[in-house]
Structures are given as C-alpha cells and as structure tokens.
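> Have a look at the structure that comes next, please.
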Amino acid sequence: MNPALSDRCTLAVYEREFAARHTLGGVVREWAAVKPGAPAIVNASRGQTVDWRTLEAVSAGLAG
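In my numbering, the protein residues as written are 1 to 64.
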C-alpha cells in the first residue's frame with residue numbers, strides 16, 4: 001500500500017532522500033557525479049553549453 005501524500009511530504013523524508021541536494025552546490029555536485037557530460041547551462045542564442053563537470057569545477061573555484 002502506498003503511503004498518503006501527506007506522509008511522504010515531510011521534512012524527515014526530504015532530509016533523508018535529498019540530503020546531498022540541500023544547497024545549489026549540492027545539486028551541482030550531485031548532477032556532476034550522475035551526468036558529468038550532460039548540459040547544465042544552455043545559451044541557445046550563442047549555441048553554447050556548459051556541462052555539469054565544468055560547472056562544478058568553475059563554481060568550486062569561485063567558492064574557494
């Protein structure tokens with residue numbers, strides 16, 4: 001039996017299932033590990049993309 005929506009939408013569930021993604025940096029790290037070569041940022045007007053691996057490296061350099 002599936003738990004009710006109200007039982008799935010709690011802070012405890014969020015912290016357990018999304019602990020690595022509480023911050024923007026956590027989201028970038030997560031996707032860089034899962035899909036490093038996939039587009040993270042797309043500039044359609046210039047035809048340019050930045051992949052998750054590059055975004056993680058650049059953002060870590062700016063934060064450091």
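All C-beta atoms in this analysis are idealised placements derived from N, C-alpha and C, irrespective of residue type, glycine included.
1) Which stretch, first to last residue, makes up the alpha helix (DSSP H) that contains A33?
2) Measure the C-alpha to C-alpha separation of C9 and A19 and round it to an integer number of angstroms.
3) Does DSSP put T49 in a helix, in a strand, or in coil?
4) On the DSSP letters alone, give me the boundaries of the beta strand (DSSP E) that A44 sits inside.
5) What number of angstroms, rounded off, separates the C-alpha of M1 from the C-alpha of Y14?
Quick look at the numbers:
1) Numbered from 1 along the sequence shown, position 33 holds the residue referred to as residue 33. Taken as a continuous stretch (DSSP letters only), the alpha helix (DSSP H) holding A33 covers L24 to V34.
2) Numbered from its first residue, the sequence shown carries residue 9 at position 9. Numbered from its first residue, the sequence shown carries residue 19 at position 19. Computed Cα separation, rounded: 14 Å.
3) For the purposes of this step, residue 49 is taken as the residue at position 49 of the sequence shown. Of the three classes helix, strand and coil, the one that applies to T49 here is strand, per DSSP.
4) Position 44 of the sequence shown, counting from 1, holds the residue named residue 44. Membership of A44 in any beta strand (DSSP E) is not indicated, and neither H nor E is assigned to it by DSSP.
5) Numbered from its first residue, the sequence shown carries residue 1 at position 1. Numbered from its first residue, the sequence shown carries residue 14 at position 14. Bear in mind that a pLDDT of 48 at M1, under 50, signals an unreliable position, so the number given afterwards is only what the model happens to contain. The alpha-carbon atoms of M1 and Y14 are separated by roughly 20 Å.
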